[in-house]
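Note sheet for the following structure.
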Amino acid sequence: PRRRQRRAPPCVGQLQLSETALKNIALHAVRVGNYYSEDQAPVLAYIAEVHAELLLDQKWLKETKELWDENGLTRRYSVAEILAKKHEADGFDIFVDPEEACLPARPSGPVKLEAGVVAELQEGLDAMTDGPVGQDEALELLEGCARGGELAAAVFCGERLEAMYEDSEMPGPLVDRAFTALKPLLRPAARQQEPRLQGSWTEELPAKKLQRRFAKLLERLVQAQKKRELTEDGPAAERARRVADAEAALQRLCGALVPLIMADPEASRCERRGPLAQVIARLCAERGLQVSTAVGWQIMQELVRTKVLEVKGRVVRLTGAASEASACHSDADGASGLGISPSDKTLLESVARERSERRRQRQKSREQGRAARRQRREGL
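Mapping of the sequence shown onto the numbering used here: residues 972 to 1351, in sequence order.
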């Protein structure tokens, strides 16, 4: 009988990657690229971009020895399931050690409130339903409900607290305390499965609608925090102004590049981000604008955001929106034709480096945390 040929592991550059290594790369991409958003589509798209970058980073692949170590998450999920964040839907925390993450067959749930505390919270909620209460009492009720995992009651308190400041801005300390109390409820394991606090909020808010209102409440609190930081004349406001100026310059640059990309035969053939980024850098250089790799990736992300490029996994293609955008801009020679001045270029490079450095720092801190946990386990 014919012997079955053994399938060779996937190759990336000169490396042969096992299935376990590919899964660990996907886990690392989720750790780096994940962020909170009510709309998960751009989050998953960004995770896919990070994943593609990691697969091209030969130095990191060679130096990261843990990629070949099997763990609970790699045994449980496929690469596609990891990139789709199925582990998060199942309640596993990807930011702890993978073996620890899979221990929660008994996940840490909400704080078990004593009967007397539950009675006090119920009495306070009933009073809030019947009439106005003070801001301090509303905030304490919110914190108590959130601590006990009572999501519906906590959202009810948060919305009532917001209503007290309908004609003015909620004070910063109140915003911070409310956000800190509500944030742990993002984890499904921190929520009470059978609410003990009953009232109009449990009847009016089915699970799907409750989740939307909770996400919108958190988003409003985040926006209030950002708005406060911008109004304060400090480093946060200065940084926000720099980022806004850099994004405006990036949009002008991308608008000028679209017709050049459409007219370039090599660009139309590119189906990977790396080669397309090189084409973009060449088009800029031909018009006297030298851009770094960091800025090149920022240009790629902006073109994806404006739907000039379409990303499906590792494949990237020009869309119909590219033709429409191309008609709005005329080709011109020189860096001035790209809409970028020397000061704009300096600002773009600076902001791109900062973003790249922040991402590297996040990666480093997470790797240090995993190493520290591993050492503690080995010392036990």
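The beta-carbon is built from N, C-alpha and C at its ideal position, and this holds for glycine as well. Remember, it's a predicted structure, so these values are computed and weren't measured experimentally.
From this set, the options, which residue's C-alpha is nearest residue i's C-alpha?
| i | options | result |
| --- | --- | --- |
| S1239 | T1290, R1285 and W1268 | T1290 |
| L998 | D1040, I1053 and P1142 | I1053 |
| E1111 | G1120, C1128, A1098 and T1100 | C1128 |
| R1337 | V1003, E1059 and E990 | V1003 |
| R1131 | D1101, A1160, D1061 and L1280 | D1101 |
| A1016 | L1309, A1055, N995 and V1104 | A1055 |
| P1155 | E1121, R1184, L1254 and R1253 | E1121 |
| A1217 | P1144, L1157, K1316 and G1119 | K1316 |
| V1082 | R1118, F1063 and A1215 | R1118 |
| K1036 | D1138, S989 and I1018 | S989 |
| D1107 | L1145, E1094, E1140 and D1040 | L1145 |
| A1090 | N1042, G1043 and R1167 | R1167 |
| L1027 | Q987, E1328 and W1172 | Q987 |
| T1151 | G1170, C1116 and K1179 | C1116 |
| T991 | R1324, L1044 and V1275 | L1044 |
| E1024 | T1264, L1280 and Y1136 | T1264 |
| S1008 | G1143, R1330, D1064 and L1157 | L1157 |
| V1229 | M1135, V1279 and A1323 | V1279 |
| R937 | V1282, E1094, P1206 and N1042 | Here the chain has residues from 972 to 1351 only, and residue 937 is not among them. |
| T1173 | E1059, P1313, A1125 and V1014 | A1125 |
Cβ of residue i within 6 angstroms of any heavy atom in the ligand ADP?
| i | result |
| --- | --- |
| N1042 | As for the ligand ADP, it is missing from this structure, which has no ligand bound. |
Quick one: residues in its chain with C-beta nearer than 6 angstroms to the C-beta of residue i, no 5 flanking neighbours on either side, listed in chain order?
| i | result |
| --- | --- |
| E1242 | V1286 |
| L1319 | A1217, A1220 and V1266 |
| L1181 | A1123 |
| A1323 | A1265, V1266 and Q1269 |
| L1084 | G1119 |
Can you give the Cα-Cα distance for residue i and residue j, rounded to whole angstroms?
| i | j | result |
| --- | --- | --- |
| V1088 | A1343 | 38 angstroms |
| Y1048 | Q1196 | 37 angstroms |
| G1284 | Q1011 | 15 angstroms |
| G1340 | A1098 | 45 angstroms |
| L1032 | H1022 | 12 angstroms |
| P1159 | L1153 | 12 angstroms |
| R1162 | A1234 | 54 angstroms |
| R1326 | A1208 | 17 angstroms |
| D1040 | R1199 | 45 angstroms |
| V1104 | G1062 | 36 angstroms |
| A1086 | E1349 | 41 angstroms |
| K1335 | L1096 | 45 angstroms |
| R1183 | P1236 | 45 angstroms |
| H1300 | L1231 | Reliability of the predicted coordinates at H1300 is poor, the pLDDT of 47 falling under 50, and no value is obtained from them. |
| S1171 | L1092 | 14 angstroms |
| R1276 | R1288 | 13 angstroms |
| K1179 | V1282 | 29 angstroms |
| P1206 | E1114 | 30 angstroms |
| Y1136 | A1215 | 29 angstroms |
| R1046 | F1185 | 33 angstroms |
| E1020 | A1252 | 18 angstroms |
Give me whichever residues DSSP pairs with residue i in a beta bridge.
| i | result |
| --- | --- |
| E1281 | R1288 |
Keeping to the same chain, check which residues put their C-beta closer than 7 angstroms to that of residue i; ignore five residues upstream and five downstream.
| i | result |
| --- | --- |
| V1050 | L993, K994 and A997 |
| R1077 | Residue placement at R1077 cannot be trusted, given a pLDDT of 43 that sits under 50; what the coordinates show is reported in the next sentence. Around R1077: no qualifying Cβ. |
| I1018 | A1000, V1001, G1004, N1005 and L1054 |
| R1333 | V1003 |
To which residues of the same chain is residue i closer than 8 angstroms at the C-beta, ignoring the five residues directly before and after it?
| i | result |
| --- | --- |
| D1147 | Q1196 |
| E1133 | M1141, L1188 and R1191 |
| S1321 | R1213 and A1217 |
| R1330 | V1003 |
Worksheet item: Between the stretch 1268-1285 and the stretch 1243-1251, do at least 3 Cβ pairs fall closer than 8 angstroms?
Response: yes
Worksheet entry | At least three beta-carbon pairs within less than 8 angstroms, the stretch 1188-1200 to the stretch 1220-1230 | no
Worksheet item: Do the stretch 1254-1270 and the stretch 1308-1322 make contact, defined as three or more Cβ pairs closer than 8 angstroms?
Response: yes
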